[in-house]
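Below, the structure is given as structure tokens:
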């Protein structure tokens, strides 16, 4: 049974008090999610990446009493690993332990969070990891994630969301331990803290934890920042030039919809119909991959979904005040890039113009109600979603969706789609090689006919005639090229 | 005791012991062989209302024996979603969607797995559709020509990663004859030729999509008796095949091998050190001992990890592992090095660490910590039916029964410091070694 020791109404009002989210069960696994309501959006100017570095100085470093090596030695026989994840407005430290080892683990875990060691060697290692993540992992080995992350930077340029969660290379190179300590002191406070615990822990355990965490400063409830991006007045395309075989594309724009918003369920239905993540039933998948073999898959999103190439389900604890609508076109062969982009926009336009067919509407609603329960199938996920629900001020996620979807009509979806989605005023990011040629094609809106290796039905060929000249809606000055080594710099 | 009653009724079923404290795979499960060779394994867990369905075909890139056909097991995994007369792709997808099923498939060296998790009320309908596509898959030449482009798209998205390239070159260099020489994705030229392989694809289906290669796993809120009846109803008409794959044996390696990869984009350099290693076993200690060495030498608290990653900070990623395989494969160590100038010394450190296991006996205390880690790591992964079935599937690909899991963990318990030294002496030899480095530079 779900038990949230948390009064939603008091959630944002109680001053200087940690909140508890608890999910007791008979499971021999005990899961911790310690969430601070702060993150990369709170990085000061010139200190981009300090929130993430603070998190790794807690999860992957020594304490006052123990070196990192001593901690790893102690955790090793328990097979425990402490993870950190920093998003724009949530900083999460998580771990799972077998109940056999609960006390031994917690004693160290507590000191990692409350008595960090701030050793120079831990700082250097974690900072290098963060720089290498940006320069080698993101720029150098994953064109799809690269494109998606650049898209966020483009959309939120000049705003608190406008840099990667891992920061900027130049800021990281200039960062000091003092910067991290200052961030820790200011933002990792009881006011910002949500303690989440699930599994077969003793009944007095949450209260003990809460008392332990009173060691953190009470802090202030920081007022919401103005996070809205600058309004986008025209479509712009950023081409990221790198040596790579194929072309990865993402596009989107901010939406004024998040969990708890009146149109959330309606837009979720639209997103699911258009391109449920890794599902072969989505419209984009069926038309782009299934009918035409353009690439490995094409999906749509209304919430941040990092690591989409590895994960089937979204990670919890990425709650944000601002979300974007996004379409992800997986890498295509270079000659088909312009056509694939046009086809995705064409499908989005069709959704806006025609709405969702009746049969698909019923199927999609049924999918989402059942799928929401599947999302909560592990204790760790259930706990993560419970914390997110507390932050968004909604009931348990599956109940919330079930109730919202029950009332939803097809007209509601059409109305929400027309209100929030569009095919102009977008940001488009394209990662590829020899992008000058593509830039010229895009800027001149030149036709991009496609050829196939097998006969296609007439309806596809007819549709292709429309798609090959579909206007993306950009002029030469709205299409710019950036070398890959300049992004995240 | 419904479970026991069901078992007594059907002689071919075996009930494996329930929840003994010391069993790492704690679930009682029911294993049943049907007359056509199909095997069903039902694993009831305490999950409520949810079931995970995993269909394991013991066919992977290992079975791609003909030249020019690399990547075919994986292509076939894609083709399985192209529909039948009864359930064309759109109808299949519609029903899966209606069920809220989170479904997918993957292919590896030794297996192809089709999996989905959903509410138990939908199991009968989904089992019917699975039985239908395994027996009556139907597609045209135009379909395979289109679908093989999606496979090329998958190759393309993977090709951005230097680590994928590194793996490809390690296997390509270490093996001469065995099909482990090529990756599951296959060679680019073969992937590009897939549109022309309609006839071969039919032959591939006819050979391997047969009950004797297939095991169905159902985990979660599952009653073995009911599921046996359900599977019998849907799969009993499936005909046993006759194909016996002849996987070429790898000749003994006689000298160390080396390869260098020039990566076209900027990257930190990588070095990989691999040694030929034995096949997965639940009776012989060697592969278990090498698996423990991987942890002893390269886990986060290991001396080398501490030196290279934490203290000297020359390396930001260090992994060592022996992957469980049906045939002898590789013990491989990979390091991502921060400065190209350190590549040489990092390679030497890896080699001298492995050689150290040949000379010195490790302490019983260290070995004990690794064994504990193994057991707790395993236990921490068993937290929902999808994971339980997924883990069982990996082992089913090797020995066709989850029983091998507990046997293997008993084997870990029995490994002594002397066994560790003996395995190191036998396998960490120059004549079994392959070293690959990857550095930035060169044309795309």
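Residue numbers (our numbering), protein chains in the order written: chain A, 15 to 503; chain B, 163 to 606.
Ideal placement from N, C-alpha and C gives every residue a C-beta, glycine not left out.
Contained alpha helix (DSSP H) runs [length at least 4] in the region 464-503 of chain A, N- to C-terminal order: 472-481
Exposed unless 16 or more other CB atoms sit within 10 angstroms - verdict on residue 303 of chain A: buried
Proximity below 8 angstroms, CB of residue 206 of chain A to CB of residue 50 of chain A: Cβ atoms of residue 206 of chain A and residue 50 of chain A: closer than 8 angstroms.
Amino acids of chain B, ordered along the chain, whose beta-carbon sits closer than 8 angstroms to that of residue 295 of chain A: 255, 256, 258, 259
DSSP state of residue 174 of chain A mapped onto helix, strand, coil: coil
One or two residues paired with residue 110 of chain A in a DSSP bridge: Answer is A/45, bridged to residue 110 of chain A.
Below-8 angstroms beta-carbon distance, residue 501 of chain B vs any chain A residue: no
Near-chain A residues of the region 480-507 of chain B (beta-carbon distance less than 8 angstroms), N- to C-terminal order: 498, 500
Below-8 angstroms beta-carbon distance, residue 63 of chain A vs any chain B residue: no
7 angstroms Cβ cut-off: residues of chain A touching residue 307 of chain B: 467, 468
C-alpha distance - residue 185 of chain A paired with residue 215 of chain A, whole-angstrom precision: Their backbone Cα atoms lie some 42 angstroms apart in a straight line.
Cβ of residue 307 of chain A within 8 angstroms of any chain B Cβ: yes
Boundaries of the beta strand (DSSP E) in which residue 511 of chain B is found, first to last residue: From DSSP, residue 511 of chain B is part of no beta strand (DSSP E) but of the alpha helix (DSSP H) over 505-521.
Cross-strand partners of residue 437 of chain B (DSSP beta bridge): B/493, B/595.
Straight-line Cα distance separating residue 222 of chain B from residue 248 of chain B: 27 angstroms
Rounded distance between the beta-carbons of residue 113 of chain A and residue 181 of chain A, thought under 8 angstroms: In fact, because the Cβ distance is near 37 angstroms, the residues do not count as touching under 8 angstroms.
Delimiting residues of the alpha helix (DSSP H) encompassing residue 201 of chain A: 191-201
Residue 525 of chain B burial status per 10 Å Cβ neighbour count (16 or more: buried): exposed
Per-residue burial, residue 82 of chain A [other beta carbons within 10 Å of its own, 16 or more giving buried]: Buried, since its Cβ has 16 or more Cβ neighbours within 10 Å.
Nearest-angstrom Cα separation, counted from residue 265 of chain B out to residue 276 of chain B: 8 angstroms
Contacting positions in the region 332-355 of chain B - beta carbon closer than 7 angstroms to chain A: none
Residue 34 of chain A - partner residues in DSSP beta bridges: A/209
Contact list for residue 310 of chain A against chain B, beta-carbon separation under 7 angstroms: 312, 315, 316, 319
Which of helix, strand or coil DSSP assigns to residue 265 of chain A: strand
Chain-order list of residues whose beta-carbon lies under 8 angstroms from that of residue 621 of chain B (same chain, five-residue window excluded): With chain B represented from 163 up to 606, any question about residue 621 of chain B goes unanswered, as that position is not in the structure.
Selection from B/539, B/528, B/503, B/371 that minimises the alpha carbon distance to residue 602 of chain B: B/503
Spatial neighbours of residue 441 of chain B in its chain, beta-carbon cut-off 8 angstroms, leaving aside the 5 residues before and after: 449, 487, 488, 489, 490, 491
Spatial distance of residue 310 of chain B from residue 491 of chain A (CA atoms): 38 angstroms
Within-8 angstroms CB hit, residue 429 of chain B to chain A: Residue 429 of chain B counts as touching chain A.
Residues within the region 258-284 of chain B neighbouring chain A, beta-carbon criterion of under 9 angstroms: 258, 259, 260, 261, 262, 263, 264, 265, 266, 279, 280, 281, 284
Closer than 8 angstroms at the beta carbon, the chain B residues around residue 377 of chain A: Using a Cβ-Cβ cut-off of 8 angstroms, residue 377 of chain A is close to 256, 259, 260 of chain B, given in chain order.
Test: residue 303 of chain A CB closer than 8 angstroms to a CB of chain B: yes
Candidates B/261, B/390, B/373, B/497, of which the one nearest residue 431 of chain B by Cα: B/497
Inter-residue spacing [alpha-carbon to alpha-carbon] between residue 572 of chain B and residue 536 of chain B: If I take the Cα positions, the gap works out to 11 angstroms.
Neighbour flag for residue 406 of chain B against chain A, beta carbons, 8 angstroms: Not one beta carbon of chain A lies nearer than 8 angstroms to the beta carbon of residue 406 of chain B.
Outcome for residue 227 of chain B when other beta-carbon atoms lying within 10 angstroms are tallied against a minimum of 16: exposed
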